[in-house]
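Comments concern the structure below.
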Amino acid sequence: MNRADPRNWGIDQKLAFLALVLGFLALLGSPSPGGAVTINTRELADIVESEVDHVTVEELADWIIQGRSDYRLLDVRDPKSYAAYHIPTAESVELRNLSDYPLYRNEKIVLYSGGGIHSAQAWFLLRAEGFAGSYILLGGLNAWKEDILFPELPADATPDEVASFARRRTVSEFFGGKPRTGTGGTAGAAQPSEVAMPKVAPPSPVVAPHRHAHHHKEGC
Amino acid sequence: MMAPFYKYGLFGDEVSLILAALIGVGFGFFLEQAGFGSSKKLVAQFYLTDMAVFKVMFSAIVTAMLGLFYLSWAGLLDFSLVYVSPTFFWPDLVGGLVLGAGFIVGGFCPGTSVVGTATGRLDGLAFMGGVFGGIFVYGELYPWLADFANSTAMGRVTIDSWLGVSKGLVVFAVVVLAVLGFWGASAVERMMARREVEAGT
Chain A
427 MNRADPRNWG IDQKLAFLAL VLGFLALLGS PSPGGAVTIN TRELADIVES
477 EVDHVTVEEL ADWIIQGRSD YRLLDVRDPK SYAAYHIPTA ESVELRNLSD
527 YPLYRNEKIV LYSGGGIHSA QAWFLLRAEG FAGSYILLGG LNAWKEDILF
577 PELPADATPD EVASFARRRT VSEFFGGKPR TGTGGTAGAA QPSEVAMPKV
627 APPSPVVAPH RHAHHHKEGC
Chain Y
455 MMAPFYKYGL FGDEVSLILA ALIGVGFGFF LEQAGFGSSK KLVAQFYLTD
505 MAVFKVMFSA IVTAMLGLFY LSWAGLLDFS LVYVSPTFFW PDLVGGLVLG
555 AGFIVGGFCP GTSVVGTATG RLDGLAFMGG VFGGIFVYGE LYPWLADFAN
605 STAMGRVTID SWLGVSKGLV VFAVVVLAVL GFWGASAVER MMARREVEAG
655 T
């Protein structure tokens with residue numbers, strides 16, 4: 427029997443041949459699609475409209491206090507601003523590096539910038555690339571300062587507001603902020619822009635859950 | 455429709471557990487069909503008299519690799535969502551050696567011990583007892599081992615990203631390696647069989 431004749435091959439040889447052919451064809455192409463994507467503008471518009479793409483600063487503060495590690499917090503401002511201050515647990519990524527930044531499509535990704543424009547643009551980039559779990563921090567770092575670091579109790583606060591302010595005070599102090607209480611109103615309560623922006627310390631040893639400790643428990 | 459279905463939210467936790475059970479039974483069935491319920495067959499691998507373990511495992515690797523590669527090429531699979539165990543260099547190496555030593559001494563690996571037990575082999579049952587005992591002891595010792603177990607973390611590493619070459623090249627190289635390996639394994643088997651005959655056993 428002539429073993430060189432493919433008609434005489436056993437199943438082993440045939441399978442080995444098939445694997446070699448498929449392996450050789452694999453040399454010709456790459457399965458990664460590169461930078462080109464298709465987006466469903468309708469779907470994106472619906473998401474924007476229904477406002478399910480937001481995380482509020484209060485929610486984020488809770489997550490950080492609880493030490494949750496099931497989200498990624500991305501600071502899309504420039505590295506200099508990031509170095510000056512950033513929300514604890516945040517990672518610095520510039521917009522132009524976003525596509526190459528190691529992120530997984532099943533992660534919950536929260537984006538923030540100073541106000542909200544850059545984070546919204548980053549959100550569109552990520553959504554277009556299929557990162558379905560992308561969210562914008564509502565109000566950005568401004569809201570974080572206003573509501574978390576330096577919350578204000580108006581002088582004419584209702585008892586309810588006073589009660590909830592106790593909690594906000596604790597949260598603020600946790601993040602190294604300074605709660606403000608109204609001064610009685612003769613000269614007008616201090617404006618946020620005057621009092622609220624003392625030098626913001628970089629996050630002290632607050633919680634900063636370690637990224638390394640975050641192992642996926644999956645597989646065998 | 456894109457895979458992995460679970461991560462794209464096609465079904466929830468409950469369904470995923472049912473599917474996992476079905477896949478597990480299928481896995482066990484094919485291990486049994488390959489003869490891996492018997493510790494004699496498994497250990498023969500280490501004495502080079504029967505290379506079935508090598509052949510079955512390498513066939514599985516090549517099949518899964520070609521499937522993943524071509525499905526993601528066709529746009530049916532998002533490989534970035536496929537779970538790849540994070541690599542911890544030294545802990546992985548030590549763990550592999552411990553598992554290999556246990557394989558030779560006990561005659562099973564964890565999966566095949568379950569197959570052995572399911573087909574009524576008592577050595578399989580004893581091995582499973584050892585597996586669970588070992589898990590318990592490791593769990594109790596973990597506070598002392600944690601530093602080492604988490605050291606040299608490299609994250610999600612694939613051969614192509616590590617070597618900086620294309621996925622296609624790795625696929626081709628692994629297939630060539632497998633075919634050469636099969637050919638070599640059969641040659642080793644024939645040689646060992648001849649030696650046994652010459653030794654008059």
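Sequence order for the protein chains is A and Y.
In the working numbering, each number is its position in the first sequence, counted from 1, plus 426.
In the working numbering, each number is its position in the second sequence, counted from 1, plus 454.
For glycine and all other residues, C-beta sits at the position ideal for the given N, C-alpha and C.
(request) May I ask you to list, following chain order, the residues of the region 520-548 of chain A that have a beta carbon less than 7 Å from some beta carbon of chain Y? (result) 530, 531 and 532
(request) Specify the secondary structure class of residue 620 (chain Y) as computed by DSSP and reduced to three states. (result) Within the second sequence, residue 620 (chain Y) is the residue found at index 166, counting from 1. In this structure, residue 620 (chain Y) counts as coil in the three-state DSSP scheme.
(message) For the structure I just gave you, are there three or more beta carbon pairs, one from the region 438-458 of chain A and one from the region 471-480 of chain A, closer than 8 Å?
(response) no
(message) Across the region 528-544 of chain Y and the region 525-532 of chain A, are there enough close Cβ pairs to call them in contact, namely three or more that are closer than 8 Å?
(response) yes
(request) Could you name the residues of chain Y that residue 454 (chain A) contacts, counting a contact when the two beta carbons are closer than 8 Å? (result) Stepping through the first sequence from its first residue, residue 454 (chain A) is reached at position 28. In chain order: 622.
(request) Can you give me, in chain order, the residues of the region 612-637 of chain Y that have a beta carbon less than 9 Å from any beta carbon in chain A? (result) 620, 621, 622, 623, 624, 625, 626, 627, 628, 629, 630, 632, 633, 636 and 637
(request) Using a Cβ-Cβ cut-off of less than 9 Å, give me the residues of the region 522-544 of chain Y that come near chain C, in sequence order. (result) No chain C appears in this structure, whose protein chains are A and Y.
(message) Can you check whether the C-beta of residue 516 (chain Y) is within less than 8 Å of a C-beta belonging to chain A?
(response) Taking the first residue of the second sequence as position 1, residue 516 (chain Y) is located at position 62. Output row for residue 516 (chain Y): interface = yes.
(request) Please say whether residue 545 (chain A) and residue 559 (chain A) have beta carbons closer to each other than 8 Å? (result) The sequence position of residue 559 (chain A) within the first sequence is 133, counting from 1. The sequence position of residue 545 (chain A) within the first sequence is 119, counting from 1. Not a contact, by the Cβ cut-off of 8 Å.
(request) Go to residue 501 (chain Y), then tell me how far its beta strand (DSSP E) extends in each direction, as first and last residue. (result) For the purposes of this step, residue 501 (chain Y) is identified with residue 47 of the second sequence, where counting begins at 1. Element bounds for residue 501 (chain Y): n/a, residue is neither H nor E.
(request) Could you round the C-beta distance between residue 452 (chain A) and residue 626 (chain Y) to whole angstroms and report it? I think they count as a contact, below 8 Å. (result) Start at 1 with the first residue of the first sequence, and residue 452 (chain A) comes out as number 26. Start at 1 with the first residue of the second sequence, and residue 626 (chain Y) comes out as number 172. Indeed they touch by this definition, with Cβ atoms about 5 Å apart.
(message) For chain Y, check one thing: does any of its Cβ atoms lie closer than 8 Å to the Cβ of residue 430 (chain A)?
(response) On the first sequence, position 4 is the one that residue 430 (chain A) refers to. Closer than 8 Å: no.
(request) Can you pull the chain Y residues whose beta carbon is under 8 Å from the beta carbon of residue 446 (chain A), in chain order? (result) The residue labelled residue 446 (chain A) in the question sits at position 20 within the first sequence. Going along chain Y in sequence order, the residues near residue 446 (chain A) (Cβ under 8 Å) are 629, 630 and 633.
(request) Flag residue 449 (chain A) as yes if its beta-carbon sits less than 8 Å from any beta-carbon of chain Y, otherwise no. (result) In the first sequence, residue 449 (chain A) corresponds to position 23, counting from 1. So yes, residue 449 (chain A) belongs to the interface.
(request) Specify, as a first and last residue, the run of the beta strand (DSSP E) that residue 501 (chain A) falls within. (result) Within the first sequence, the letter at position 75 stands for residue 501 (chain A). That run of the beta strand (DSSP E) goes 498-501.
(message) When you compare the region 507-527 of chain Y with the region 575-591 of chain Y, are there three or more beta-carbon pairs, one atom per stretch, that lie closer than 8 Å?
(response) With fewer than three CB-CB distances shorter than 8 Å, the region 507-527 of chain Y does not count as touching the region 575-591 of chain Y.
(request) Return the CA-CA distance between residue 560 (chain Y) and residue 494 (chain Y), expressed in angstroms with no decimal places. (result) Taking the first residue of the second sequence as position 1, residue 560 (chain Y) is located at position 106. Taking the first residue of the second sequence as position 1, residue 494 (chain Y) is located at position 40. Between residue 560 (chain Y) and residue 494 (chain Y), the C-alpha separation is close to 10 Å.
(request) Measure the alpha-carbon distance for residue 578 (chain A) versus residue 607 (chain Y) and round it to whole angstroms. (result) As a first step, residue 578 (chain A) is located in the first sequence; it is residue number 152 there, counting from the start. As a first step, residue 607 (chain Y) is located in the second sequence; it is residue number 153 there, counting from the start. Going by the C-alpha atoms only, they are around 44 Å apart.
(request) Return the CA-CA distance between residue 632 (chain Y) and residue 551 (chain Y), expressed in angstroms with no decimal places. (result) To locate residue 632 (chain Y), count along the second sequence from 1; it is residue 178. To locate residue 551 (chain Y), count along the second sequence from 1; it is residue 97. Answer to the nearest angstrom: the Cα atoms are 22 Å apart.
(request) Let me know if residue 573 (chain A) comes out buried or exposed under the rule of 16 or more other beta-carbons within 10 Å of its beta-carbon. (result) Here residue 573 (chain A) corresponds to residue number 147 of the first sequence, with the count starting at 1. Counting every other CB atom within 10 Å of its CB across the protein chains shown gives residue 573 (chain A) a total of 16 or more, marking it as buried.
(message) Out of Y:485, Y:460 and Y:484, which one is the CA nearest neighbour of residue 473 (chain Y)?
(response) One-based indexing of the second sequence puts residue 473 (chain Y) at position 19. That would be Y:460, whose Cα lies nearest to the Cα of residue 473 (chain Y).
(request) In angstroms with no decimal places, state the Cα-to-Cα distance between residue 518 (chain A) and residue 548 (chain A). (result) The residue you call residue 518 (chain A) lines up with position 92 of the first sequence. The residue you call residue 548 (chain A) lines up with position 122 of the first sequence. In a straight line, the C-alpha of residue 518 (chain A) is about 13 Å away from that of residue 548 (chain A).
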